[in-house]
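> Under numbering that gives the first Met the number 0, think of the first position of the sequence shown as 0, with each following residue one higher.
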Amino acid sequence: MKLYYFESSNPRKACAVAKYLGSPVEFVRIDLGKGENKTPRFLAINPNGKVPALTDGETRIWEANAIMAYLARAAGSDLWPRQDDRQIELTRWLSWNASHFTRHAATLVFEHLIKPNFLGRGPDPKVVDEATGLFKQFAAVLDEHLGGRTYILGDTLTIADFAVAGALPDADRAKIPIEGFTAIERWHARLNELPAWREPFPARPQTRAA
0 MKLYYFESSN
10 PRKACAVAKY
20 LGSPVEFVRI
30 DLGKGENKTP
40 RFLAINPNGK
50 VPALTDGETR
60 IWEANAIMAY
70 LARAAGSDLW
80 PRQDDRQIEL
90 TRWLSWNASH
100 FTRHAATLVF
110 EHLIKPNFLG
120 RGPDPKVVDE
130 ATGLFKQFAA
140 VLDEHLGGRT
150 YILGDTLTIA
160 DFAVAGALPD
170 ADRAKIPIEG
180 FTAIERWHAR
190 LNELPAWREP
200 FPARPQTRAA
């Protein structure tokens, strides 16, 4: 298997799960700054031109959540639960996260990190204010849910935890307002105890895309 990545929030999730599971993947860094994600060779793997992506023989998978699920199932890990009802609950949190929690966190990452560092533009105050308010609204939902729970699905770590926490390592730099959401802070501190979450990306040098 080959896992194509760049050091950003979505690939972080897939790389963290691969390292946590000890998955037999070859990490292949795609340099977005050099446009390696737009080459014909990479577009044949993921026509969206995005990372992460995974190849396993003739299988081509993109989207971090799908890659995490694939790796967990391949490893027979409880990161992807076996019970149907827990799979439905996990899917609910993955969908909620994509539509609400990380959606607004990602906007703050874009405004405070991507725009100034890669596009040479400052953040838009109106966009920042709106995203901050919406993030707090949905952070309150997550914070209440996590009260009394170790992980999102209870006592068992799953890919939902890796997915929902995806942008939080950038919270300080991206001004993602998690301060005061004590259950979220405790939960993310627990994830930070995992070496694979703290250091998800392989050390360079690694395999070139070409």
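Quick reminder that beta carbons are idealized off the backbone N, C-alpha and C, glycines included.
Remember, it's a predicted structure, so these values are computed and weren't measured experimentally.
Along the chain, where does the alpha helix (DSSP H) that runs through Y69 open and close?
A63 to A74
> What's the C-alpha gap between I183 and E25?
Distance between the alpha carbons of I183 and E25 is about 32 Å.
> Please list, in chain order, all residues of the same chain as R59 whose beta carbon is under 6 Å from its beta carbon, the five residues on each side excluded.
Closer than 6 Å at the Cβ level, and outside the excluded window around R59, lie I44.
> Within a Cβ cutoff of 7 Å, which residues of the same chain sit near A195, ignoring the five residues on either side of it in sequence?
A15, K18 and Y19
> Please look up how many angstroms separate the CB atoms of T106 and P176, rounded, as I've assumed it's under 8 Å.
Taking C-beta atoms under 8 Å as the contact rule, T106 and P176 fail to qualify, at a distance of about 13 Å.
> Go through its chain and collect everything with a Cβ distance to Q205's Cβ below 8 Å, but skip five positions before and after it.
In this prediction, Q205 has a pLDDT of 48, which is less than 50 and means its spatial position is unreliable; what the coordinates show is noted afterwards. Cβ within range, chain order: F26, V27 and R28.
> Take H111 and list the residues in its own chain whose beta-carbon comes closer than 8 Å to its own, dropping the five residues that flank it on each side.
Same-chain partners within the cutoff: P122, V127, R172, A173 and K174.
> With burial defined as no fewer than 16 other Cβ atoms inside 10 Å of the residue's Cβ, what is the status of V140: buried or exposed?
V140 is exposed by the Cβ-count criterion.
> Does the separation of the CB atoms of A170 and S8 fall below 8 Å?
no
> One question on the structure: do L78 and L2 come within less than 8 Å of each other, judged by their Cβ atoms?
no
> Tell me whether E157 is buried or exposed, calling it buried when 16 or more other Cβ atoms sit within 10 Å of its Cβ.
It is Thr, not Glu, that sits at residue 157 in the sequence shown. Buried, by the Cβ-count rule.
> Enumerate in chain order the residues of its own chain whose CB-to-CB distance from W186 is below 6 Å, with the five nearest sequence positions on each side excluded.
Non-local beta-carbon contacts of W186 in its own chain, meaning distances under 6 Å to residues more than five positions away in sequence, involve L145 in chain order.
> Mind checking D30: buried by the 16 CB within 10 Å criterion, or exposed?
Exposed: under 16 other Cβ atoms inside 10 Å.
> What do you reckon, are the CB atoms on L89 and L152 nearer than 8 Å?
The Cβ atoms of L89 and L152 lie closer than 8 Å to each other.
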